[in-house]
């Protein structure tokens, strides 16, 4: 079903316009990568505060309020640029196992960030990390690992056959990009 | 040995040959390069925004700098190692690629900007550690953000301009029309 939809989308005016203007894809990918830096480091800073490695003179709520708007704004821009990049090459994206795994991980990442912020934001902890439970630290560290996996999967879309072999959802081919 | 001959020598090494024929090495190296570049840019952005005083100047600059500088250098080292491996794979093509040369120039400019800031403006931050930053520090921060954004944008352009200079393994069936 997705493949038929993707094939129909690849013939849409917007898709054809992007494909015929060769500067659009690298520009959107560049913005996408800049936003990866913004989102990943915002998550890293929040995590390091939970682990007691940075900003211990400030409350968790202060650190959360400083970095979470960057995280959400960055995710918004990434979703937008990712959507347009997907419209530009819908068959390539939807036939990649990496793409679907990436989307699943992003959903988990967003839900966990929402739950994490809601659970810990009211805590006005100042000082070392001992005040956070082992579970909170494990979830925070796990979130960083999850976003590293998301970055890997984003790059792996271009090498889907090489990385996943028979799990690739389209014809066995290599895009080498 | 001139640079072109050096690029050819690198291309002819066993490591280069192995990387070109290893289908799994490239996505792993490229992904780590993206992770490292994102971390370098993001951590530098946090410090640069503090220099610009946005959104505020309440946090101690020297403490913030001290907390993040290890992460920046660790990620930069990872970016250099993976970047060298990416160069080894396609050294002859990279050597002749304008975008690649511009990226190296931008990295040099970023280094000069950082060196000048560390040696001059940032040498004694006590006077402005918890307050508004001097003009020179704000200029260094703005320049740093601009240069590192340039590095990321130019870097992505390399992938669209370099082409490929190696043969495709026989057992790989390529669709060079990209599914069209």
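Residue numbers (the working numbering), protein chains in the order written: chain A, 288 to 464; chain B, 3 to 182.
Even glycine gets a Cβ: it sits at the ideal position worked out from N, Cα and C.
Kindly indicate which three-state DSSP category residue i falls into: helix, strand or coil?
{"i": "residue 143 of chain B", "result": "helix"}
{"i": "residue 69 of chain B", "result": "helix"}
{"i": "residue 121 of chain B", "result": "helix"}
{"i": "residue 451 of chain A", "result": "helix"}
{"i": "residue 302 of chain A", "result": "helix"}
{"i": "residue 60 of chain B", "result": "coil"}
{"i": "residue 339 of chain A", "result": "coil"}
{"i": "residue 19 of chain B", "result": "helix"}
{"i": "residue 382 of chain A", "result": "coil"}
{"i": "residue 419 of chain A", "result": "coil"}
{"i": "residue 168 of chain B", "result": "Reliability fails at residue 168 of chain B, whose pLDDT of 49 lies under 50, so the model's placement of it is uncertain and the value that follows must be treated cautiously. Correct three-state label for residue 168 of chain B: coil."}
{"i": "residue 413 of chain A", "result": "coil"}
{"i": "residue 26 of chain B", "result": "coil"}
{"i": "residue 476 of chain A", "result": "Absent from the model: residue 476 of chain A. The displayed extent of chain A is 288 to 464, so no value can be given."}
{"i": "residue 456 of chain A", "result": "coil"}
{"i": "residue 115 of chain B", "result": "helix"}
{"i": "residue 442 of chain A", "result": "helix"}
{"i": "residue 75 of chain B", "result": "helix"}
{"i": "residue 319 of chain A", "result": "helix"}
{"i": "residue 310 of chain A", "result": "coil"}
{"i": "residue 103 of chain B", "result": "helix"}
{"i": "residue 44 of chain B", "result": "helix"}
{"i": "residue 55 of chain B", "result": "coil"}
{"i": "residue 82 of chain B", "result": "helix"}
Drop a sphere of 10 angstroms on the beta-carbon of residue i, count the other beta-carbons inside from all chains shown, and report buried for 16 or more, exposed for fewer.
{"i": "residue 34 of chain B", "result": "buried"}
{"i": "residue 304 of chain A", "result": "exposed"}
{"i": "residue 43 of chain B", "result": "buried"}
{"i": "residue 405 of chain A", "result": "exposed"}
{"i": "residue 5 of chain B", "result": "exposed"}
{"i": "residue 369 of chain A", "result": "buried"}
{"i": "residue 87 of chain B", "result": "buried"}
{"i": "residue 125 of chain B", "result": "exposed"}
{"i": "residue 316 of chain A", "result": "buried"}
{"i": "residue 69 of chain B", "result": "buried"}
{"i": "residue 72 of chain B", "result": "exposed"}
{"i": "residue 74 of chain B", "result": "buried"}
{"i": "residue 413 of chain A", "result": "exposed"}
{"i": "residue 298 of chain A", "result": "exposed"}
{"i": "residue 123 of chain B", "result": "buried"}
_Pairs of beta-carbons, one from the segment 116-134 of chain B and one from the segment 48-62 of chain B, closer than 8 angstroms: are there three or more?_
yes
*If contact means a Cβ-Cβ distance below 9 angstroms, which residues of the segment 97-109 of chain B contact chain A?*
none
_Under 7 angstroms, CB to CB, which of the residues in the segment 425-437 of chain A have a partner in chain B?_
435
*For the 8 angstroms Cβ check, are there 3 or more pairs between the segment 20-28 of chain B and the segment 301-309 of chain A?*
no
*So does the segment 440-447 of chain A actually touch the segment 324-334 of chain A, counting three or more Cβ pairs closer than 8 angstroms?*
no
*Does the pairing of the segment 103-111 of chain B with the segment 74-82 of chain B give three or more beta-carbon distances under 8 angstroms?*
no
_Would the segment 3-14 of chain B count as touching the segment 89-100 of chain B if we require 3 or more Cβ pairs under 8 angstroms?_
yes
*Mind listing which residues of the segment 305-324 of chain A have their C-beta closer than 7 angstroms to chain B's C-betas, in chain order?*
313, 316, 317, 320, 321, 323 and 324
*Do the segment 376-394 of chain A and the segment 340-357 of chain A make contact, defined as three or more Cβ pairs closer than 8 angstroms?*
no
*Along the segment 145-160 of chain B, what residues have a CB closer than 7 angstroms to any CB found in chain C?*
Judged by its chain identifiers, the structure shown contains no chain C, and its protein chains are A and B.
*asked:* Tell me which residues of the segment 72-83 of chain B have at least one Cβ-Cβ distance to chain A shorter than 7 angstroms, keeping chain order.
replied: none
*Any contact of the segment 352-372 of chain A with the segment 421-440 of chain A, i.e. 3+ C-beta pairs under 8 angstroms?*
no
*Which residues, taken in chain order from the segment 32-43 of chain B, show a beta carbon closer than 9 angstroms to some beta carbon of chain A?*
32, 33, 34, 35, 36, 37, 39, 40, 41, 42 and 43
*Can you list, in chain order, the residues of the segment 17-30 of chain B whose Cβ is nearer than 7 angstroms to any Cβ on chain A?*
25, 26, 28 and 29
*Is the segment 142-151 of chain B touching the segment 44-57 of chain B in the sense that three or more CB pairs, one from each, lie closer than 8 angstroms?*
yes
*Taking only beta carbons into account, state which residues of the segment 323-345 of chain A come closer than 9 angstroms to chain B, listed in chain order.*
323, 324, 325, 326, 327, 328, 329, 331, 332, 335, 340, 341, 342, 344 and 345
*Return the residues of the segment 395-407 of chain A that lie within a Cβ-Cβ distance of less than 8 angstroms from chain B, sorted by chain order.*
none
*If we count Cβ pairs, one from each stretch, closer than 8 angstroms, do we get three or more for the segment 388-404 of chain A versus the segment 434-442 of chain A?*
yes
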